[in-house]
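All the letters of the sequence shown, read from the start, carry residue numbers 1 to 943 under the UniProt record's numbering. Quick reminder that beta carbons are idealized off the backbone N, C-alpha and C, glycines included.
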Amino acid sequence: MEKKYERLSTTRKTKPVVEDNTLDKRERVVREKLARFARIPGSTIFALEPNASPAGLSGEAARLALERHGPNIFATERAPRVIALFLGALFNPFNVILLVLAIVNIATGDKATFTVMVVMVMASTGLRFWQELKSVSQAAKLLNSITTRVRVLRSNEEVELDRKEVVPGDVVLLSSGDVFPGDCVLFSAEGLTVAQASLTGELMPVEKTVRLGLPPPEYEFNIIDNENICLASTSVATGSGRAMVISTGDETYMASIAKDLAKKRAPNIMQVGVRRVSYLLLAFMGVMVPIVFVIQGGISKDWKGAGFFAISVAVGITPEMLPMVVAANLALSAVRVARKKVIVKRFDAIQSLGAVNILCSDKTGTLTIDLIRVSGSTTGSGDPSDLPLKLAYLNAALQTGTRGPIDRAIIDFFKNVPVKSAEDDGSEVEDDVKIEEWNKLAEVPFDSTRRLLSVLVFHSQAGIDEKGLLVTKGAVEEVLDRCSQMYDHASSSSSLSEPTKLDDFKPNKASPLTVDARQRILGTAERLNGEGLRLVAVACKSSVALPFMTLNTDDETDLVFIGLVGFLDPLKSDASEAIDRLAKLGVQVRILTGDAPAVAAKVARDLGILPSKSSSPDHLSIPEDEKDLMITGSQLAALSTDQAAFDAALERCIIFAKVSPHQKLQVVEGLRSGGGGRVVAFLGDGVNDALAIRAADVGISVDSGTEIAKEAADVILLEKSLDVIAHGVLQGRQTFINTIKYIKMATSSNFGNVFSVLAWLPYQPIQPLQLLFQNLLYDFSQATIPWDNVDPEYLAAPTTWNARSIARFMIFLGPTSSVFDICTFLINWYRFGIRDQHSPLVSLAQTNWFLEGAITQLFIIHFLRTGKIPFIQSRASVSVVALTTLVSGIVFAIPYIPKLSAALGMTRPKPEFYGFLVVMVTGYAILVHIVKVIYQRMFKEWL
């Protein structure tokens, strides 16, 4: 309602947002139709709709319109075939690897591993399939959320219809609380304000009026902010009016949003990363397996055995425990963030959250408390004075109309104002306004033309010959237009900072309101507007006060201007600290809001996102040094045909003000596709945010948000705070780093084994079953990696999936283990005399390599998990140390367990081999550390 009072700037004119021209045909048709009606006067709108008139449609015309346009319901997009969804979920690269491995395991008789892998595939497929089905249901929930009864005129008679029966051409009767059944154009309005928070996120309802004439030449159509267009799903906040329905069902603006929600969701950064890693492993398998098969078969002439061995090598290359490690990491992180009031809907979003380097957030409720509060009151010159606020309190508390956010803020302020004490310095408002001692005799309600509200009040202790007080508050220019004098605050007290006793106030201490004085007041208003304040002007005059008297607008003349009352949506107490914390984590915050640029700039400035504004003599709302960091929806739309300029704006700007839902979507998609490793999160809670939430790498909503926003989100905050997001970012990074640890350690170790096989093939250095069992033990030792400690430097900046980095790590580190594998082969050759496949001691050679390979793999975990010196500068978690120790004990015990060693084709090693093993493990640790230092100097990274 209080938008009616707001005239924050009297000279700054901004063009409305222009919708982008990159929309599909259907969406463009919706906009063009709305634009046609928006541009013509309200008296001529009926000419554009067949059979329409101010008296409403006839019964026959309504029937024909219903046949032509269909019922006023929103049809969801045709659901894809279930089998297509299922197959798409099943045949992703990683599932393909798991299926191949499952087939290998069943072929080798390992039914237990086969069962585990099939379960993994089924779980992964089921989850992905469910997510795809849910994406289709989001649009339906959005559109079916609108279920209302509607009052319309049919043949000049009022009838009540179900929303689905409303058709284009119907005349809708509007009053407070009514929901618009379709996209409508106004032809009558009395003090009409419309709540559009579900579309724009703006806290204040906006005023809607009837267009009386053709728009000016510079007019640019804007769907949401257009003065005479009201959209489906928005509602009347105050006032009354009549509107003609111009679009229903799938032809509405809301339906165009739902259409985009039904589109297939783009993969997030984790899904893309896993896919690339899967392709890397598949490619590597495709190269190595044939080579091993040909060489092994050529030497042994046992092509069947060579085939099984080559497949075993493929198994060895693949980190089979990756699904388990990823799932455990994500589940553990989900539990941890839940303790911080964060609910994770899609587990893979946790890792993506850790990679985020740009957070796009709305302003209201996230950075601010989502509640208008009094900031203070001033004279027309900007000097502090409590008098305007006290008079505004009389007006707000005694008027009998609907109390909007501004009125409630004033009343709440006086409920909580501290009582003045003798030692106070005069800087606070004195609580001397006893509202029960004042009587309201008459009032002039607000209407959209005057943009004012006036009340005539009389103090209960005033004498019978004393006059009453007419108090008027409203938009700055409208109040000034009715003032002929301005109150002399300086003559009313010894100091402007001293409180004014309202009981002693007399408006006759005034001087003429000159042109210069008026300009000073407007300059003050513009300056305060530039500081992000919403303003209400207050004026009054003495008036005859008689019982049962009435007022009219003619009484609102020759007023005395008193001052200005400022309002703002205050910052959350933890917002600045959270912004600083995110900045230290390498996360940039961008503000996307439907609010005015100056208001957004004030918030950003106070948070340190924008530099503090220096004062300027002309009191510009937005300084020149800030303008390059901000862009409005209209400016953004003007760049939609110039991709380079559009991308430059996305790179440069921190604040995106007065942007529409589709423009929020454009910004998010533009940031994601702009390169530079950008990973984008979007935080919002309204229908207007749903498209951007869904398009982001990580979509975040809040528990108090709309159902559609929550459905589109990956993460839901039980507390709307950036601080909990910062915690989620840290948890996501820990999850990612521990996952990458496993992948890099497993792939480099497995690659080393394959490299060793290719380097030594006079005899089969290890049996397929032994290789699989060794790999299984190693993977089991990695089961506690999700609980491992993470070095602080890995949490300081965003990290993303990088298949090239994994390949480089694998190729660079893998051969280091092969050095000592070859040492084992040489010991077997020269010390134990095992030189070909016909030697009776081949099983001993295979046992020796099994032990050396397994122990070095397990020990070296502590070296590969960190870029620092292990055990000294960085220690693994207790669980990792315990499990690697346990598995090492199992490895040493296997040759001494008769049935198990026989099943694996192993024999007891000679005691002297353990001496060689100690030397090799020590040498391996030294070599790995040297290689690690070289690697980090060359590539400036480790994990």
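Check                                                                                                                                                             : Outcome
At the level of alpha carbons, what is the spacing between A539 and V479?                                                                                         : 7 Å
Does the distance from the C-beta atom of L671 to that of L650 stay below 8 Å?                                                                                    : yes
For D689, would you say it is in contact with chain C, using Cβ-to-Cβ distances shorter than 8 Å as the test?                                                     : Of the protein chains in the structure, only one exists, and it is not chain C.
P50: buried (16+ other C-beta within 10 angstroms of its C-beta) or exposed?                                                                                      : exposed
Please look up how many angstroms separate the CB atoms of V790 and N738, rounded, as I've assumed it's under 8 Å.                                                : 7 Å
Using a Cβ-Cβ cutoff of less than 7 Å, which residues in the same chain neighbour D628 once the five nearest sequence positions on both sides are dropped?        : R652
Considering only C-alpha positions, which residue in the set R163, V687, P762 is nearest to S839?                                                                 : P762
Leaving out five residues before and five after I146 in sequence, what residues of the same chain have Cβ atoms less than 6 Å from its Cβ?                        : Bear in mind that the predicted position of I146 carries a pLDDT of just 44, short of 50, making it too unreliable to give a figure here.
Any chance you could list the alpha helix (DSSP H) runs of at least 4 consecutive residues sitting entirely within the stretch 381-416, in chain order?           : 387-398, 405-416
What is the rounded straight-line gap between the Cα of D383 and the Cα of A517?                                                                                  : 14 Å
With distances taken between CB atoms, is the gap from V729 to L353 smaller than 8 Å?                                                                             : yes
Which same chain residues end up closer than 8 Å to I291 when comparing Cβ atoms and leaving out the 5 residues on each side of it in sequence?                   : L758
Quick one: what's got a C-beta closer than 6 Å to S781's C-beta in the same chain, skipping five residues either side?                                            : L858, L883, T884, V887
What separation, rounded to the nearest whole angstrom, lies between the Cα atoms of T379 and H459?                                                               : 24 Å
Given this structure, state the Cα-to-Cα distance separating K340 from H727, to the nearest angstrom.                                                             : 8 Å
Using three-state DSSP, classify M204 as helix, strand or coil.                                                                                                   : coil
Pop quiz: residue 1024 and D183 are said to be a contact at Cβ under 8 Å. What is the actual Cβ separation, rounded to whole angstroms?                           : The chain is shown from 1 up to 943; residue 1024 falls before or after that span and cannot be answered.
Identify whether H69 lies in helix, strand or coil by the three-state DSSP scheme.                                                                                : helix
Who are the near neighbours of F646 in its chain, counting only those whose CB is closer than 6 Å to its CB and skipping five residues on each side?              : L639
Buried or exposed: where does P617 fall if 16 or more other Cβ atoms within 10 Å of its Cβ makes it buried?                                                       : No answer about P617 holds up, because its pLDDT of 36 lies below 50 and its placement is not dependable.
Among D836, K363, L771, which one has its Cα closest to the Cα of L607?                                                                                           : K363
Are V356 and V599 close, meaning C-beta to C-beta below 8 Å?                                                                                                      : no
To the nearest whole angstrom, what separates the beta carbons of L359 and L582, a pair I think is in contact under 8 Å?                                          : 7 Å
Kindly give me the distance between the Cβ atoms of D714 and K345, rounded to whole angstroms, as I take these residues to be in contact under 8 Å.               : 6 Å
If we ignore side chains and look at the alpha-carbon of each, how far apart do I855 and V891 end up?                                                             : 7 Å
To test your reading of the DSSP string, which unbroken alpha helix (DSSP H) runs of 4 or more residues are found completely within the stretch 740-793?          : 768-781
To the nearest angstrom, report how far apart Y935 and F913 are at their CA atoms.                                                                                : 32 Å
Would you identify the three-state DSSP class for F809, choosing helix, strand or coil?                                                                           : helix
Is the beta carbon of L533 less than 8 Å from the beta carbon of G566?                                                                                            : yes
Tell me, to the nearest whole angstrom, how far the beta carbon of L841 is from that of F832; I am working on the premise that it is less than 8 Å.               : 6 Å
Do you know offhand how far L214's Cα is from I229's?                                                                                                             : 15 Å
Applying the criterion that 16 or more other CB atoms from any shown protein chain within 10 Å of the CB defines a buried residue, is A62 buried or exposed?      : buried
Which residues in the same chain as E6 place their Cβ atom closer than 6 Å to its Cβ, once the five residues preceding and following it in sequence are excluded? : Only weak support exists for where E6 lies, its pLDDT of 34 falling under 50; the value from the coordinates is given anyway. R534.
Less than 7 Å between C-beta atoms, sequence neighbours within five positions excluded: which residues of the same chain meet that for E190?                      : G239, S240, G241, D447
Alpha carbon to alpha carbon, how far is T366 from R590? Give it in angstroms, no decimals.                                                                       : 12 Å
Could you check where the beta strand (DSSP E) with P512 kicks off and where it finishes?                                                                         : 510-512
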